[in-house]
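With the first letter of the sequence shown counted as 1, position 251 gets the number 250 in numbering that gives the first Met the number 0; the numbers rise by one all the way through.
A virtual CB, placed ideally from N, CA and C, is assigned to each residue, including glycine.
In this text, all values refer to a predicted model and were calculated from it rather than measured experimentally.
What follows is a single structure, written as structure tokens, with notes after it.
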Amino acid sequence: MSSIVYFSDMRTKRGASLPEKLERLCKELAVLKNIRKGELVAITLHFGERGNTGFIRPLFIRRIVDLIKLAGGKPFLTDANTLYRGDRSNAVDHMNVAMEHGFSYATVNAPIIIADGLRGKDYVEAPVNGKYFKKVKISSAAYHADSLISVAHVKGHMLFGFGGALKNIGMGLGARSGKQMMHADLKPEIVAKKCVGCGLCVKWCPTGSLSLFEPQGREKPLSALNPSTCIGCGECVVTCPSEAIKISWSGAPQSVQEKTVEFAWAIAKEKTGKIGAINFLTNISPDCDCMSHTDASIVPDIGMLASDDIVAIDRASIDLINQQTALLNTAVPESKLGHADKFAAIHGIDWTPQFTYAEQVGLGSAKYDLRKI
Ligand code: SF4
Ligand code: SF4
């Protein structure tokens, strides 16, 4: 069965500016129509890594905030902390970057709540019963919100091929250690020269797989891992204050995509009729907004999409991008300008497993009916 995806192009005229067109798109969303008075509504978005300029401008977010308020809801902006130690791996740094990028109460008319708390340890273990996980770690603020609207900047990604609503919800709202679960196919490793023997990892490990010992000739204790009991949950990675436990980025693209689908599924199944997505097909850069730079758009700006189906909206997004001719002097190699699949030409990644698995678990439909607004 096809899902409806609403589309608005980039053409404007008086009375039909881009924010006004966005408003018309949003009004089609069931998630907005279903908001009841006093409900807490999470708007999940990427505030951009420091140095990145591809993120969605606050003025668009403000339009969505105002619509939610008109419907009686109480909106807040949210994203979870990053696994990597950039400028958004704890709530304080994350909020500072968000503010530098123009997101504050004064500009967006809503509070910002970092979804997994100060250090990424505020999460709910939500049941999924998928092929990888029985439970996944979802950021508390996102899980407990009554409704959730994903606002995604669609761009390339080295593991997903591209990132849209599915990645924004699944990876974006996984708590820090949840992000490690999605990325890791390997167990963590202790980097001896960085370990200061503080014992925090031992305290936080849920399976008792870590212990301190005192190697000969070493002044401080050293942490040691028992790989046979380790479940790869990532708690130690995000807990260590000395970066002495290596983040594992070993996940193969297919498994990372499918694991991320399981996280998105865990959120979506708690929010039937209360979840929706808006995708911006603008500044379509080759890499994620987690990068500290934004490379030139690989195709011209296309428009904005809205749907109550987070799978259909992503499929429509990638199809609209691939219908474009790639621009010269971008990350698309000149020899591949005519390549039908733009992000595959850049990253060499097959992005289809996320759709196949999302349909298989019933998260949504990759078939869509595109309706121009
Ligand atoms: S990944 Fe989880 S189970 Fe394994 S050592 Fe770290 S905290 Fe313990
Ligand atoms: S938390 Fe880090 S520094 Fe402390 S004992 Fe564990 S590995 Fe070593």
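Three-state secondary structure (DSSP) of residue i
i	result
residue 89	coil
residue 368	strand
residue 53	coil
residue 303	strand
residue 198	coil
residue 222	strand
residue 1	coil
residue 189	strand
residue 182	helix
residue 36	coil
residue 135	strand
residue 346	helix
residue 130	coil
residue 169	helix
residue 156	strand
residue 148	strand
residue 177	helix
residue 340	coil
residue 317	helix
residue 26	coil
residue 243	coil
residue 161	strand
residue 355	helix
residue 141	helix
residue 210	strand
residue 259	helix
residue 11	coil
residue 230	coil
residue 309	coil
Short Cβ contact (8 angstroms threshold) for residue i with residue j
i	j	result
residue 317	residue 155	no
residue 186	residue 119	no
residue 53	residue 306	no
residue 148	residue 40	yes
residue 252	residue 349	yes
residue 319	residue 301	yes
residue 6	residue 371	yes
residue 174	residue 136	yes
residue 266	residue 142	yes
residue 258	residue 157	no
residue 244	residue 189	yes
residue 109	residue 75	yes
residue 107	residue 64	yes
residue 131	residue 333	no
residue 146	residue 121	no
residue 62	residue 22	yes
residue 94	residue 364	no
residue 78	residue 55	no
residue 153	residue 280	yes
residue 312	residue 276	yes
residue 117	residue 144	no
residue 314	residue 356	no
residue 150	residue 34	no
residue 254	residue 308	no
residue 299	residue 336	no
residue 38	residue 72	yes
residue 194	residue 235	no
residue 233	residue 176	yes
Buried or exposed by the 16-neighbour rule on C-beta atoms within 10 Å, applied to residue i
i	result
residue 216	exposed
residue 32	exposed
residue 105	exposed
residue 100	buried
residue 292	exposed
residue 328	exposed
residue 273	buried
residue 339	exposed
residue 128	exposed
residue 353	buried
residue 218	exposed
residue 290	buried
residue 240	exposed
residue 57	buried
residue 16	exposed
residue 322	exposed
residue 48	buried
residue 381	With the chain covering 0 to 372 only, the question about residue 381 has no answer from this structure.
residue 69	exposed
residue 202	exposed
residue 9	exposed
Any chain C beta carbon closer than 8 angstroms to residue i
i	result
residue 97	Among the chains in the structure shown there is no chain C, since it carries only a single protein chain.
Which runs of the alpha helix (DSSP H) fall wholly inside the stretch 66 to 122 and span at least 4 residues, in chain order?
-> Listed in chain order, the complete alpha helix (DSSP H) runs (minimum 4 residues) inside the stretch 66 to 122 are 90 to 99 and 104 to 107.
Where in the stretch 266 to 301 do unbroken runs of the beta strand (DSSP E), each at least 3 residues long, occur, reported from the N-terminal end onward?
-> Those beta strand (DSSP E) runs which fall completely within the stretch 266 to 301 and span 3+ residues are 274 to 280.
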